[in-house]
Each structure stands twice: as C-alpha cells, then as structure tokens.
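With the working numbering applied, the sequence shown covers 2 to 289.
All C-beta atoms in this analysis are idealised placements derived from N, C-alpha and C, irrespective of residue type, glycine included.
The structure presented is a predicted model; accordingly, all values stated were derived computationally and were not measured.
Read through the structure below, which is laid out as structure tokens, and then see the notes.
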Amino acid sequence: MREFSPPVRPSKLRVVLAVALPLLVLIPIGGLLAILLGQSPATYTIADGALTVRTGDFFTGTRTVRLAEVSDARVAPLSGGRRVAGTALPGFCGGRFRYPDLGTVWQATTCSRVGVVIRTTSGDVPVVISPPDPEVFIERLHAGTATQVTLPAPDKGPLWVLLTVVGLGSLIAGVLVGAVLLLGPGKMRYRVGDGALEVVTLFGRQSWPTRGARAREYTPQRLLRVAGTAAPGYYTGRFRESGQAARVYATELGRVVLFEGEARVLVSPEDRATFLQALADAGVTVEA
C-alpha cells in the first residue's frame, strides 16, 4: 500500500488546549478531594462565656456566640430545610439553610429532624445545632457550664465512590485529550492499495472500498462537527459539510481531497496530486 501524510503545522493554540482542557476537568476534582480530606467532625464548645461551633468544614468555618447575647435557645423541628450555601454530606449539614418556620439560619448539625435554635440580641441569623441531648445542652448553655460535644464524623463513603469514578474517568479523559491534540496530527496517515482507502489515526483505522468511488480536490464549506475532534490543526470524526454527512480526517481544511464512495471522506494529504494519482491507479474515478 502507498502511504501519505498530512501537513503538520506547529500550533500554540493546540498546545494550550492540550494543557488547559484537562486542567479544567481535574482542578474541580482536586478541589473536591481537598474538601473531603479536610472535613473533620463538628464540635460545640461552651467555655469562657461563649459558645463556639466549629463545623470542621473548609467552607462554613466557625461561629462564636457570646452567652450574654443569647436571647432564646429552644428545641425546634427541622423540616423542609433547603440549603442556601454550605455543605450537605450524609450525617452533616453545615452552612446557611432556609426553613419554612425558621427562615434563614446558620447551622452545623447531623441533618437530624430536631435541633436547638439559638437566637441572639446581635441580630445575626439564628444558629442551629444538634447536640445528642438538646435539653441538657440548653441548660448548660444558660448556666455557662464548660461543655464539649463532638458530632459523629460525616459519612464520606458515597462521595469517595463518586470521586474515585469521576476522578479516574477525568484523568483518563485528560490524558487522551492531551495525547490527541499533541500527538494526533503527527500520527495521521492515508494509505491507498488492496482495493481500499485507509485512514490511520492515533486510536484506530477506517477504510473504504475504492471500487466505484470518485475523488477530487475540494474546498470544504460550512463544516459542523457532529462527533469527534475539531481542534486547530486536527479534525477527525463525523461532521456535516455543506449540509451533507461527511467523515473528516485532516490537519488543515483550506484545500482537501474529497473521496466519495460508501461514505463522503475529506482528507488532507500534503501531496494531493500524487495522492489522487494513487487513487486513480486503485480504480477511483478522479475528477478535475
């Protein structure tokens, strides 16, 4: 078989995309991993005339309430809540939530249906917590009795599974994207012989019979990607060209060869004249 190569032009944009696109996927995954690794059990501490609520969460942080400013502390049902900003893991709800009966609150709870709502004279949003024994905790709060409550650690199991699946998939996709953009153009080949036109790409090959086919030089118009790659200097896959289905395997689209047989195929051999002659020798009708 006779083999032909497409022109490969250096492209700074293709290099930038090869680096940037994987990062756009991997950075959020890394951020989620950092959040999960940094998540520690929430604590409620009564000491030195204040209640300190530490969520153990990177985003929601800590709230401190001076006991002298507490105007009301009572047990209340927590139902119909909607997260406004914060974290919701199995066994941990932290941040700003909104309830039909309570309005907007800041909470660090086990996501239980009952909690302690603490209001202050400062006018800040109520603080909602869920100690194991709410009535006893309220008594200690009013008395200022030194108390330390540590909530159970949130269940990260489902998120770890999700992170593993998504992270691994993203890593593989990132490597493939980089490989396609950086190595793809140099690996593309066109082969003519044995009764077929064969196109070789980084991840496989496609072939079409030359018998009964036609070919000519062609300038593509109105190219629309359907499935595949459309990066600067590297076009592969299924496209719509001038309203018709086409397979495109090219590194440039200014002037290509249109092969029409079982499928419409656009290729960009660097030596178009010799390529068309090879097709003619293989029985393809070459049109001027």
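Reduced DSSP category for residue i - H, G, I as helix; E, B as strand; rest coil
| i | result |
| --- | --- |
| valine 126 | coil |
| arginine 83 | strand |
| glycine 62 | coil |
| proline 133 | coil |
| glycine 168 | helix |
| aspartate 102 | coil |
| leucine 280 | helix |
| tyrosine 162 | Correcting the residue type first, residue 162 is valine in the shown sequence and not tyrosine. Three-state DSSP puts valine 162 in a helix. |
| glutamate 271 | coil |
| glutamate 70 | helix |
| glutamate 140 | helix |
| proline 78 | strand |
| leucine 259 | strand |
| cysteine 112 | coil |
| valine 285 | coil |
| threonine 148 | strand |
| alanine 264 | coil |
| alanine 154 | coil |
| glycine 96 | strand |
C-beta neighbour in chain D for residue i, strict 8 Å
| i | result |
| --- | --- |
| arginine 192 | Given the protein chain composition of this structure (a single chain), no chain D is represented. |
Counted within 10 angstroms of its Cβ, other Cβ atoms place residue i as buried (16 or more) or exposed
| i | result |
| --- | --- |
| phenylalanine 204 | exposed |
| glutamine 108 | buried |
| valine 181 | buried |
| alanine 144 | exposed |
| leucine 2 | One point to set straight first is that residue 2 is methionine, not leucine, in the sequence displayed. Counting Cβ neighbours within 10 Å, methionine 2 comes out exposed, since fewer than 16 surround it. |
| glutamate 242 | buried |
| leucine 225 | exposed |
| threonine 121 | buried |
| alanine 214 | buried |
| glycine 244 | exposed |
| isoleucine 28 | exposed |
| glycine 255 | exposed |
| glycine 196 | exposed |
| proline 221 | buried |
| threonine 146 | exposed |
| isoleucine 47 | buried |
| serine 72 | exposed |
For residue j and residue i, believed in contact at Cβ under 8 Å, the rounded distance
| i | j | result |
| --- | --- | --- |
| glycine 234 | arginine 10 | 6 Å |
| glycine 95 | aspartate 58 | 5 Å |
| threonine 202 | glycine 262 | In fact, because the Cβ distance is near 19 Å, the residues do not count as touching under 8 Å. |
| aspartate 282 | phenylalanine 5 | Contact flag wrong, Cβ pair sits at about 13 Å. |
| glycine 179 | proline 8 | Incorrect: roughly 22 Å between the Cβ atoms, too far for contact. |
| valine 106 | isoleucine 139 | With a Cβ gap of about 16 Å, valine 106 and isoleucine 139 do not count as contacting. |
| leucine 52 | leucine 183 | Their Cβ separation, rounded to whole angstroms, is 56 Å, which puts leucine 52 and leucine 183 out of contact at 8 Å. |
| threonine 151 | threonine 44 | 5 Å |
| proline 42 | proline 153 | 7 Å |
| valine 227 | phenylalanine 240 | 6 Å |
| leucine 267 | valine 249 | 5 Å |
| alanine 216 | leucine 280 | 5 Å |
Proximity to residue i [Cα-Cα], best of the options
| i | options | result |
| --- | --- | --- |
| proline 133 | Arg67, Leu25, Gln149 and Ser269 | Gln149 |
| valine 49 | Arg67, Ser72, Arg3 and Thr286 | Here residue 49 is aspartate; the residue named in the question, valine, does not match the sequence. When each option's Cα is compared against that of aspartate 49, the closest is Arg67. |
| serine 12 | Leu198, Pro23, Arg223 and Thr252 | Thr252 |
| leucine 103 | Ser80, Thr122, Thr121 and Gly87 | Ser80 |
| arginine 265 | Ala289, Asp282, Arg206 and Leu198 | Leu198 |
| arginine 84 | Gln222, Ile119, Cys112 and Gly185 | Cys112 |
| proline 1 | Val26, Ser131 and Thr61 | Outside the modelled stretch of the chain, which goes from 2 to 289, sits residue 1, for which no answer is possible. |
| leucine 277 | Glu218, Val20 and Arg64 | Glu218 |
| threonine 88 | Val16, Ala69, Gly62 and Ala74 | Gly62 |
| alanine 69 | Val26, Ser123 and Thr56 | Ser123 |
key: 3 or more residues per run - each beta strand (DSSP E) lying fully within the segment 173 to 253   = 190 to 194, 197 to 202, 205 to 210, 215 to 219, 224 to 232, 235 to 242 and 245 to 251
message = Could you tell me which whole alpha helix (DSSP H) segments of length 4 or greater appear in the segment 3 to 57?
response = 13 to 39
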